[in-house]
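Here the working numbering is used: the first residue of the sequence shown is 6, the next is one more, and so on.
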Amino acid sequence: MTHLFIRTGISFADRTAVLTHIGDEMLKMDVVHETYPAALIEREMRYPTGIMLDKHAIAIPHCEAIHAKSPAIYLLRPDKAVSFQQADDESEIAVSLIIALIVENPVEQLMLLRCLFGKLQQTEVIEALINLPESELQTYFREEILNANK
């Protein structure tokens, strides 16, 4: 089963601070190996994960499966948008939702990414993820995205 961690009401100076936070938190939760934090930052530098959707920008940072101990997702909704480089060009975008993927099986990672991209194209899903109270995010994400991937 995929662990789902959620954090709202947090601020970051920049994307490196976001990635460092993700690495530290996932180590604390024991879902990644010691190599994960550095691998996450390095992968984001080489292959940026910022994605511009209709009205919002998101980032889906992740790295190779060998750094994972067990599957997890860390959903972050910072108080103010954080600048990430866009995945398909050099421009920076202001990201209001970060979905870090920790996947130990590359095939599952691809399936989850496809499902996630499909769901995030739906305006009502992205609006819910950005606007729902933190107390409702866990259930919503599991029902709308994780269970839809089964």
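Ideal Cβ positions, reconstructed from N, Cα and C, are used throughout, including at glycine.
Here the structure is a predicted model, which is why all the values come from computation and not from measurement.
As computed with DSSP, residue 15 is found in a beta bridge with 83. Taken through DSSP and simplified to helix, strand or coil, residue 95 comes out as coil.
In the three-state reduction of the DSSP assignment, residue 45 falls in the helix class, which pools H, G and I.
DSSP, reduced to helix, strand and coil, places residue 106 within a strand of the structure shown. Distance from the Cα of residue 34 is smallest, within the candidate group 117, 101, 73, for 73. With a threshold of 16 other beta carbon atoms within 10 Å, residue 111 falls short and is exposed. Residue environment for residue 144: exposed (fewer than 16 other C-beta atoms within 10 angstroms of its C-beta).
Looking at the DSSP output, residue 88 shares a beta bridge with 99.
The bridge partners DSSP lists for residue 9 are 78. Judged by pairs of C-beta atoms under 8 Å, the stretch 80–90 does not touch the stretch 109–125, as fewer than three such pairs exist.
Residue environment analysis places residue 62 among the buried positions, since at least 16 neighbouring C-beta atoms fall within 10 angstroms of its C-beta.
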